[in-house]
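K.L.:
Here it is: the structure, laid out below.
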Amino acid sequence: MKFTIALFSPAHSPASRRALRFAEAVLANAHSIERIFFYREGVYNASHATVFPQDELDIAEAWTTFVKQHDLDAVVCISAALRRGLLDCNESQRYSRETITVKAPWQLSGLGQLHEAVQQSDRLVCFGDS
Amino acid sequence: MAKSMLIISRQAPWAGMSAREALDAALAGGAFDLPIALLFMEDGVFQLTSSQQPSRLEQKDTSANLQALSLFGIEHLYASKVSLIERGMETHALHLPVKVLTSEEIRSLLRTYDLVVTL
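This is the structure we're talking about:
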């Protein structure tokens with residue numbers, strides 16, 4: 032079965048960990064992931080600038096490792112990202128900011144990417160608060 | 004055939020970005036001609052009150068986005084009757100042509116969509 036996984040809560044929320052464990056279980060059970068999509072506060076999961084204490088799970092890093100390891104399509108909603116200070120190289124230049132907080136494997140793109148993925152998937156599973 | 008999606012919007016327009024981001028998600032789907040519907044529940048029904056003055060909170064008006072829904076082909080708009088009553092809101096004073104549903108009708112509605120997303 033093909034899944035799209037959407038996450039709406041930040042890295043420090045239980046929802047982020049649950050979404051990651053769910054995504055891992057999807058692949059472990061021979062299903063596939065069409066796209067991972069971060070929206071609303073979920074965009075914080077793609078932040079390169081998050082620092083966790085050494086004895087805590089670095090969930091942002093765990094997401095990055097997971098996406099890279101399985102070469103997944105991982106999209107962060109660009110409008111939600113910009114207003115929360117999440118910028119990749121292009122956006123940082125475009126808006127003359129000094130920082131880059133989003134790097135590969137995450138791609139900033141539009142909400143259409145969520146709808147497109149959903150249409151290609153058997154299931155959309157959302158995590159996080161409304 | 005395209006999968007249908009019901010987006011449930013549960014936050015007031017002045018309670019952060021939630022209402023606007025739920026609307027954005029609906030409009031983005033509408034732009035792709037997808038069958039999208041919106042259900043306003045709980046504080047989300049406050050988005051339907053007319054004569055709001057968001058500028059007094061230094062915020063932007065979401066009513067323009069709400070009016071854009073029909074332009075994007077999003078005609079199926081619903082509101083929870085219970086949520087409206089709890090907030091003392093009159094059905095005839097709403098500024099969008101929503102269909103007001105009882106809790107039982109909402110339960111049936113949820114079953115008719117391929118996807119349900121709460122934003």
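For the record, the sequence lines run as chains A and B. Count along the first sequence starting at 1, add 31, and that's the number in this note's numbering. Count along the second sequence starting at 1, add 3, and that's the number in this note's numbering. Beta carbons are placed, not taken as given, at the ideal position from N, Cα and C, and that holds for glycine.
(1) For A/I90 and B/P100, I'd like the C-alpha separation in whole angstroms.
(2) According to DSSP, is A/H146 helix, strand or coil?
(3) So, for A/F68: in the same chain, excluding its five sequence neighbours on each side, which residues have a beta-carbon less than 6 Å away from its beta-carbon?
(4) Do B/S86 and B/V48 have their C-beta atoms within less than 8 Å of each other?
(5) Less than 8 Å between the beta carbons of A/I64 and A/V74, yes or no?
(6) Under 8 Å between beta-carbons, which chain A residues line up against B/E89? List them in chain order, please.
(7) So, under 8 Å CB-CB, B/T65 and B/R110 are touching, yes? Tell me the CB distance rounded to an integer number of Å.
(8) Let's see if you can read the secondary structure: which residues bound the beta strand (DSSP E) around A/Q138?
(9) Please return the same chain residues whose Cβ sits closer than 6 Å to the Cβ of A/T35, not counting the five positions on each side in sequence.
(10) Which residues in chain A have a C-beta closer than 8 Å to the C-beta of B/V120? List them in chain order.
(11) Who are the neighbours of B/G32 on chain A, taking C-beta pairs under 9 Å?
(12) Any Cβ of chain A within less than 8 Å of the Cβ of B/L113?
(13) Keeping to the same chain, check which residues put their C-beta closer than 7 Å to that of B/M4; ignore five residues upstream and five downstream.
(14) What residue does the alpha helix (DSSP H) around A/K99 start on, and which one ends it?
(15) With DSSP as the reference, label B/H95 as helix, strand or coil.
(16) If we call anything under 8 Å between Cβ atoms a contact, is A/G143 one with A/T132?
(17) For the region 111 to 136 of chain A, enumerate the residues whose C-beta is nearer than 8 Å to any C-beta of chain B, in chain order.
(18) Does chain B have any CB closer than 8 Å to the CB of A/Y75?
(19) From this set, B/F35, B/Y116, B/V119, B/T115, which residue's C-alpha is nearest B/L72's C-alpha?
(20) Between which two residues does the alpha helix (DSSP H) containing A/F53 stretch?
(21) Does B/D36 get closer than 8 Å to chain A when you measure Cβ to Cβ?
(22) Hey, A/R49 and A/A111: beta-carbon distance below 8 Å or not?
(23) Could you pull out every residue in the same chain whose Cβ sits closer than 6 Å to the Cβ of A/A46, ignoring the five residues on either side in sequence?
(24) Taking the continuous beta strand (DSSP E) assigned at B/S12, which residues delimit it?
(25) Report the CB separation of B/F43 from B/S7 in whole angstroms; it is logged as a contact under 8 Å.
P.N.:
On the basis of the coordinates in this document:
(1) Taken atom to atom, the span from the alpha-carbon of A/I90 to that of B/P100 is near 43 Å.
(2) helix
(3) A37, V106, L145
(4) yes
(5) no
(6) None at all; the shortest Cβ gap to chain A is about 18 Å.
(7) Contact doesn't hold; Cβ gap of about 28 Å is too wide.
(8) 138 to 140
(9) E65, R66, A148, V149, S152, L155
(10) Those are A37, L155, C157, listed as they occur along chain A.
(11) L142, G143, L145, H146, V149
(12) no
(13) Scanning its chain for C-beta atoms nearer than 7 Å, with the 5 sequence neighbours on each side dropped, one finds no residue around B/M4.
(14) 90 to 100
(15) helix
(16) With contacts defined as CB atoms closer than 8 Å, A/G143 and A/T132 fail to qualify as a contacting pair.
(17) A111, R114
(18) no
(19) B/F35
(20) 45 to 59
(21) no
(22) no
(23) Taking C-beta separations shorter than 6 Å and ignoring five residues to either side along the sequence, the partners of A/A46 in its chain run S40, F158, G159, following chain order.
(24) 8 to 12
(25) Their Cβ separation, rounded to whole angstroms, is 18 Å, which puts B/F43 and B/S7 out of contact at 8 Å.
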